[in-house]
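**Q**
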Amino acid sequence: MKRLAIAFLALLLPSAAAPPRVLILGDSIYMQPSQQAANLLKGIVEIVRPNNPEAFNTTTALASLDELLGDGKWDLIHFNYGLGDLVHRAPGMKSFRVMPRKAGGIPATGPAEYEAKLTAIVERLKSTRAKLVWASTTPIRGGSNGLYEPGSEVAYNAIAAKVMAAHSIPVNDMHASVSAMLDKEKQAAPADPYSLGKNVSIHPPLVRAICLSLALPIPPGADTRPEPLGRR
Numbered sequence: 028m029k030r031l032a033i034a035f036l037a038l039l040l041p042s043a044a045a046p047p048r049v050l051i052l053g054d055s056i057y058m059q060p061s062q063q064a065a066n067l068l069k070g071i072v073e074i075v076r077p078n079n080p081e082a083f084n085t086t087t088a089l090a091s092l093d094e095l096l097g098d099g100k101w102d103l104i105h106f107n108y109g110l111g112d113l114v115h116r117a118p119g120m121k122s123f124r125v126m127p128r129k130a131g132g133i134p135a136t137g138p139a140e141y142e143a144k145l146t147a148i149v150e151r152l153k154s155t156r157a158k159l160v161w162a163s164t165t166p167i168r169g170g171s172n173g174l175y176e177p178g179s180e181v182a183y184n185a186i187a188a189k190v191m192a193a194h195s196i197p198v199n200d201m202h203a204s205v206s207a208m209l210d211k212e213k214q215a216a217p218a219d220p221y222s223l224g225k226n227v228s229i230h231p232p233l234v235r236a237i238c239l240s241l242a243l244p245i246p247p248g249a250d251t252r253p254e255p256l257g258r259r
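Take 28 as the starting number for the sequence shown in the numbering used here and just add one per residue.
#1: Report the partner residues of Arg48 according to the DSSP bridge assignment.
#2: What did DSSP end up calling Ile133 once you bin it into helix, strand or coil?
#3: Name the two residues that bound the continuous alpha helix (DSSP H) containing Val149.
#4: Check whether the Cβ atoms of Val75 and Ile237 lie closer than 7 Å to each other.
#5: Buried or exposed for Gln22, please, with buried defined as at least 16 other CB atoms from any protein chain shown within 10 angstroms of its CB.
#6: Check whether the Cβ atoms of Asn84 and Gly111 lie closer than 7 Å to each other.
#7: Given a threshold of 16 other Cβ atoms within 10 Å of its Cβ, counted over all protein chains shown, does Val181 qualify as buried or as exposed?
#8: Run through DSSP, which three-state label would Asn199 get?
#9: Count the other CB atoms within 10 Å of the CB of Gly53; is the residue buried (16 or more) or exposed (fewer)?
#10: May I have the straight-line CA-CA distance separating Ala45 from Leu241, to the nearest angstrom?
#11: How is Lys23 classed by DSSP in three states: helix, strand or coil?
#12: Where does Arg235 sit, in a helix, a strand or coil, going by DSSP?
#13: Taking Gly173 as the reference, which of Leu233, Ile133, His230 has the closest Cα?
#14: For Met191, count the other beta carbons within 10 Å of its own beta carbon; 16 or more makes it buried, fewer makes it exposed. Which is it?
#15: Taking Cβ positions only, does Ile186 come closer than 7 Å to chain D?
#16: Among Arg235, Pro177, Leu95, whose alpha-carbon lies nearest the alpha-carbon of Val198?
#17: Do Leu152 and Ile229 have their beta-carbon atoms positioned less than 7 Å apart in this structure?
#18: Going straight from the alpha carbon of Met208 to that of Leu145, what length do you get?
#19: Round the Cβ separation of Trp161 and Ala187 to the nearest angstrom and send it over; I've been treating them as touching at under 8 Å.
#20: Have a look at Lys121, Arg116, Tyr141 and flag the residue whose alpha-carbon is nearest the alpha-carbon of Ala269.
#21: Whole angstroms are fine: how far does the CA of Ala64 sit from the CA of Met201?
#22: For the alpha helix (DSSP H) that contains Ile186, what are its first and last residues?
#23: Pick helix, strand or coil for Val125, following the three-state DSSP scheme.
#24: What whole-angstrom Cβ distance do Leu67 and Pro244 have, given they're in contact under 8 Å?
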C-alpha cells in the first residue's frame, strides 16, 4: 500500500523537464562550432550534429534526410547547405570527384537544381513540426586549390533567401557574422579558410540563433546582439 501511495505521488509531482533538442545540419564547417555550442549550452539544450560525411550538399543531404533526422523529436533544426554545392567537381562523372576550376571543374550543384533540392529539404524538415532556422552560407575566399570561386556564395544565398521567405523560415545570417570576423588582409588557406586565427570560432552566432529560437537567455561568451533573427 505504501509503495502504491509513493507511486501515485510521483505521478502528481512535476518531473524535471528534458532540455530542448536541437539538430544541426550542414557540412563539415559546423563540426567544431556545434561542439562548442553544445559545451556552452550543456544542461540547457541538447545539441546533436549527425556524423554523416556523405551529407555534404543538397543532393546528398536530401538522399540522407531520414537517417539525419532519426526517430527522435526535435524542438529546433538549424540547417545550411551551400559550400558543398559550390565546390567544383569533375563533370560527366557518376562518382563525385573535386576538380579545380582551371582544370575544367564545374559547381557541384547548379542554381536551378540548388533551389529545387533546397525546397525539397525544407518541405521534409517542416513535416517534423520542429522550429526551423536557416543559416546563410559563409563567405568563400580565394584559395590556392582553386576548388571554389570566391564570392560565389552570394548568388546562392539569394536563392536560399527566396526559398526561406516562401516558407516563412527565419535566417541566421552566418555570412554577415563571419564576414565581420574575417582578417581580410590575410589570404585564405585550406587549413584556415576564414583566417580567424586559432582562438576565434564562429560558434557565437550559432548559440545566439539557438537561444533566440527557443526563448532562452544568451550565455556569456556568445553574440549578445538583441536584434531578432531575420526573415529574408
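Glycine included, C-beta positions come from ideal geometry on N, C-alpha and C. Keep in mind that this is a model prediction, so the values were computed, not measured.
**A** The structure says:
#1: Glu73
#2: strand
#3: 138–153
#4: Annotated as distal: Val75 and Ile237, with beta-carbon spacing of 7 Å or more.
#5: In the structure as shown, the chain starts at 28 and stops at 259, and residue 22 therefore has no counterpart that could be examined.
#6: yes
#7: Its Cβ having fewer than 16 others within 10 Å, Val181 is exposed.
#8: strand
#9: buried
#10: 14 Å
#11: Only positions 28 to 259 of the chain appear in this structure, which leaves residue 23 out of reach.
#12: helix
#13: Ile133
#14: buried
#15: Chain labels in this structure do not include chain D; a single protein chain is all it has.
#16: Arg235
#17: no
#18: Separation of Met208 and Leu145 (C-alpha to C-alpha, rounded to the nearest whole angstrom) is 27 Å.
#19: 6 Å
#20: Outside the shown range of the chain, which is 28 to 259, sits residue 269, and nothing can be said about it.
#21: For Met201 and Ala64, the distance between alpha carbons rounds to 14 Å.
#22: From DSSP, the alpha helix (DSSP H) with Ile186 extends over 180–193.
#23: Strand at Val125.
#24: The pair is not a contact, with the Cβ atoms about 12 Å apart (cut-off 8 Å).
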